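Report on the structure given below.
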Amino acid sequence: MKLKAPESVFSSASFCPGCGHGLASRLIGEVAEELGIQHSLVTVVDVACCSFNIDYWKFDTIMAAHGRDIPTAVGVKHVRPGSSVLAYMGDGAAYSIGMAETIHAALRNDNICVIVINNSVFGMTGGQMAPTTLPGEKTATSPKGKDPTRYGTLSGVELLKHMDIAYLARGELVGSAGMIKAKKLIKSAFQHQLKGDGFSLVELLSPCPTNLNLPPVKARDFVHNEMTKYFPTGVFIDKGGVE
0 MKLKAPESVF
10 SSASFCPGCG
20 HGLASRLIGE
30 VAEELGIQHS
40 LVTVVDVACC
50 SFNIDYWKFD
60 TIMAAHGRDI
70 PTAVGVKHVR
80 PGSSVLAYMG
90 DGAAYSIGMA
100 ETIHAALRND
110 NICVIVINNS
120 VFGMTGGQMA
130 PTTLPGEKTA
140 TSPKGKDPTR
150 YGTLSGVELL
160 KHMDIAYLAR
170 GELVGSAGMI
180 KAKKLIKSAF
190 QHQLKGDGFS
200 LVELLSPCPT
210 NLNLPPVKAR
220 DFVHNEMTKY
230 FPTGVFIDKG
240 GVE
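Under numbering that gives the first Met the number 0, the first residue of the sequence shown is numbered 0, with each subsequent residue one higher.
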């Protein structure tokens, strides 16, 4: 399976330097190949940054309306139950405009995989403050820093931790150790779907140098040193012990 698009496409639609999306995309491709599901996998991607994967992945791919990746993936799973189905989205899509869809798919324990790229900002529209923005973090709409007395910081994983779902985990796209662990989390999520266990969600903390207004190395350090204080990594639900 080739993950690199033709050069003409790659040059016109590539991720920003230091972005975590490319890392996550590569890990998903590796896992799909290792599990032998690359020919039956259907991916549903969100708009903007997530949608670049249409050019990179050689899987059947659908671009959903913003925040509607999960219900689209659920629909695909119902009409193609033999396919592995992935919803790939950002934290804004999963925990803001699409929060209701995320919660209710988990309540139904729909047998799909969800991967959420959490970079603490709305990356697709200019870096506005998001539900996942950290207290004091500067964004396009909080230039003096997010005021924690007015706005909380939302953890989607915390909301799902007590639900009866198959798998729930969080990793970080930082360093070799983080990448190895993230790949293991993604693989476990797909293995649960293959077993028919139900809803699996993996959140991946990701650098966004462009919208964090940081060089790539400092954006990576922000994820590892600051984001993990509010979004601890680990496995929180593992039905049947695939992990």
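Backbone N, C-alpha and C define an ideal beta-carbon position, used for all residues, glycine too.
In this text, all values refer to a predicted model and were calculated from it rather than measured experimentally.
- For Ser50, the CB contacts under 7 angstroms within the same chain, skipping 5 residues up- and downstream, are Val44 and Met62 in chain order.
- Per DSSP, Gly195 lies in no beta strand (DSSP E) segment and is marked neither H nor E.
- Between His103 and Gly17, the alpha-carbon positions lie close to 33 angstroms from each other.
- Sequence-distant Cβ neighbours of Leu158 in its own chain, meaning closer than 8 angstroms and more than five residues away, are Ile102.
- The stretch 30 to 40 makes contact with the stretch 83 to 99: 3 or more CB pairs, one atom from each, lie closer than 8 angstroms.
- As far as DSSP is concerned, Asp45 takes part in no beta bridge.
- With 16 or more other Cβ atoms from the protein chains shown falling within 10 Å of its own Cβ, Lys145 counts as buried.
- Residue range His20 to Leu34 is occupied by the alpha helix (DSSP H) that includes Val30.
- Residues of the same chain with a CB within less than 6 angstroms of the CB of Gly21, apart from the 5 flanking positions on each side, are Phe14 in chain order.
- Excluding the 5 residues flanking it on each side, Gly170 has same chain C-beta neighbours closer than 6 angstroms at Lys180, Ala181, Leu184, Leu203 and Thr232, in chain order.
- Inclusion of Tyr166 and Ser205 in the CB contact set at 8 angstroms is not warranted, their separation being larger than that value.
- By the CB criterion at 8 angstroms, Gly155 and Glu100 fall outside the cutoff.
- Look at Gln190 here: in three-state DSSP terms it is helix.
- In the three-state scheme derived from DSSP, where H, G and I count as helix and E and B as strand, Ala168 is classed as strand.
- In this structure, Val113 and Asp90 do not form a Cβ contact; the two beta carbons are roughly 12 angstroms apart against a cut-off of 8 angstroms.
- For Leu158, the uninterrupted alpha helix (DSSP H) segment begins and ends at Gly155 to Leu159.
- Three or more beta-carbon pairs separated by less than 8 angstroms link the stretch 207 to 225 to the stretch 116 to 126, which places the two stretches in contact.
- For Phe235, same chain residues with a beta-carbon under 7 angstroms away, outside a window of 5 residues either side, are Val156, Lys160, Leu167 and Ala168 in chain order.
- Looking at the DSSP output, Val115 sits in a beta bridge with Met88 and Glu202.
- Looking at the backbone, the Cα of Cys207 and that of Glu225 are separated by about 14 angstroms.
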